[in-house]
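To start, the structure itself, in C-alpha cells.
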Ligand code: UDP
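Numbering (the numbering used here), first residue to last: 3 to 386.
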C-alpha cells in the first residue's frame, strides 16, 4: 500500500501544486503516486507548466472522454475507480473545484479518505457548477486545507467539523515567491510583436469561464468592455474554447487588441508583472495580480475571492448586468493605488500542507476526526 495519491488535471492545478509535488518528491518519510486525470492534455495547457516549473512527471496519466462535462467526470470516476482497485492508498488528495475533483466519488466508493486542497472557498453563487463541485468534495472529505481563516468559517457554517479543517495560506503565493526571479525569462519565449506591445502601456486579458463565454449576452458585455480600452494596447492570451466562441460570433474586436494562443507560466507572469492592469475572469489570475500588486478588473458576477476587493486591488465588472458603464470601470481600475497588502498568506503554505500530509500518513490518522459537526443529537443512530 502507498500512503497517498495526488490527483490533478488542469493548468492551474499543476501551477498551484508544483511546490507541494516537489516537496513530496524530495522527502523520504512517505510515498505517493501523482495521477494526472487527463482533463487538460496539450503542450500549452499542460506540458509547458511541468517543464517550466520542474514538476515531477505523473506516475499515472489517464485519458478522459472530453465530449462534455459529464463524460469528463464519468470517465475520471471510472479511471480512478479501476485504479483504486489495483493500487491501495491511505488517502487521495484533490485540489480545487473542477471536473477532476469529482473523481473523489471513486475514492468515496472505495471508502478511501479524501483530502481537499482549496477547501471551503465559496462564491455562494449556486449557478456555478464549480460551487456545487467544491461543496460536494468538502462534504466527502476527511481532511480539508482551507487557505484563509474566513474560508474555514464558511466551512464551519456548513456543519463541517473544525477538527478536519486546517488553515494553510494560499500556495499560489509560494509559487510566485519561488519563481519571480525567472519571470523575466518569460520574454524569451514570446514573439517579437508581443514583446514590442509590452514595451508600451498595455492591459492583459484572460477569459474562459463557461458562464461568461457560453452566455451570449455576458460574452458581448465582456467584449464591449475590451473594445472600450482605447487608450492602450491589450494582450489577450485567449483559450481555445473562447477562440471558437469568438470565431462563431459576429463580434469584432478593435485593432489594439492582440489575440494570442495560451502561453506558458513564465511568459504569462512576465506580462502580468508589466501590465497596467489585467481584466480577467480567472480565479488564479486575480490572486496573482493581487499578490504582484497589479490592479485587476474581475469580470465576474460573483467571486470566491472577495479579499481582492477588501484590499482594493480589484474592480468588479458584472457581465450579467445590462447597464454597464465600461468607461467608468476602466477609470476605476486606473485609479487603484498600488501598495495594498497581500491577503493570501506568507508563502509557506505548500510546506504546511506537506508536513500535515506526512504526519497524517505516518500515523494513518486520516479518519481520526469526525468530518461533520452536527449540532443536533446524533447518538440515537448508534443505539438500539
Ligand atoms: N496562465 C498561463 N498562461 C495563460 C493564461 C494563464 O500560464 O495564457 C496561468 C496563470 O498565471 C494562472 C493560471 O494559468 O496561474 C490560471 O488558469 P485559469 O485561468 O485557466 O484557471 P482558474 O484559475 O480560473 O481555475
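Where a beta carbon is used, it is the ideal one built from N, C-alpha and C, also for glycine.
If you're wondering where the values come from, they're calculated on a predicted model, not measured in any experiment.
Residue i - DSSP class collapsed to helix/strand/coil
i	result
residue 63	strand
residue 134	helix
residue 129	coil
residue 153	helix
residue 2	As displayed, the chain neither begins before 3 nor continues past 386, which places residue 2 out of reach and without an answer.
residue 97	strand
residue 203	coil
residue 15	helix
residue 382	helix
residue 375	coil
residue 118	strand
residue 216	coil
residue 68	coil
residue 4	strand
residue 21	helix
Closer than 8 Å: residue i CB and nearest the ligand UDP heavy atom
i	result
residue 52	no
residue 287	yes
residue 220	no
residue 282	yes
residue 301	no
residue 10	no
residue 213	no
residue 208	yes
residue 79	no
residue 231	no
residue 264	yes
residue 349	no
residue 269	yes
residue 290	yes
residue 241	yes
residue 14	yes
residue 145	no
residue 18	yes
residue 157	no
residue 261	no
residue 121	no
residue 197	no
residue 224	no
residue 174	yes
residue 98	yes
residue 274	yes
Straight-line gap, residue i to residue j (C-alpha atoms, nearest Å)
i	j	result
residue 234	residue 204	5 Å
residue 98	residue 312	22 Å
residue 57	residue 255	37 Å
residue 352	residue 325	42 Å
residue 341	residue 295	6 Å
residue 378	residue 162	14 Å
residue 263	residue 228	17 Å
residue 360	residue 118	15 Å
residue 43	residue 130	24 Å
residue 189	residue 292	21 Å
residue 257	residue 192	20 Å
residue 371	residue 197	53 Å
residue 61	residue 35	6 Å
residue 230	residue 237	14 Å
residue 54	residue 354	24 Å
residue 363	residue 7	11 Å
residue 385	residue 376	17 Å
residue 15	residue 261	24 Å
residue 91	residue 137	23 Å
residue 31	residue 367	15 Å
residue 219	residue 195	32 Å
residue 319	residue 132	20 Å
residue 289	residue 252	32 Å
residue 303	residue 206	20 Å
Cβ of residue i within 9 Å of any chain C Cβ
i	result
residue 70	Structure shown: chain C not included; a single protein chain is present.
*Taking contact to mean at least 3 C-beta pairs separated by less than 8 Å, is the region 205 to 222 in contact with the region 241 to 251?*
yes
*Would you mind listing the beta strand (DSSP E) stretches within the region 31 to 64 that are 3+ residues and don't spill past its ends, in chain order?*
34 to 38
*Can you give, in chain order, each stretch of the beta strand (DSSP E) that sits fully within the region 295 to 373 and has at least 3 residues?*
298 to 300 and 316 to 318
_Contact between the region 265 to 273 and the region 47 to 55 is defined here as three or more beta-carbon pairs at a separation below 8 Å; is this criterion met?_
yes
*asked:* Suppose only complete runs of 3+ residues qualify. What are the beta strand (DSSP E) ranges in the region 223 to 286, listed by chain order?
replied: 235 to 239, 259 to 262 and 279 to 282
*Report yes or no: do three or more beta-carbon pairs, one from the region 73 to 88 and one from the region 22 to 29, lie closer than 8 Å?*
no
_Closer than 8 Å is the cut-off here; do at least three beta carbon pairs connect the region 329 to 346 with the region 156 to 163?_
no
_Every unbroken alpha helix (DSSP H) inside the region 139 to 194 [4 residues or more]_ = 151 to 159 and 173 to 181
*Between the region 316 to 330 and the region 141 to 157, do at least 3 Cβ pairs fall closer than 8 Å?*
no
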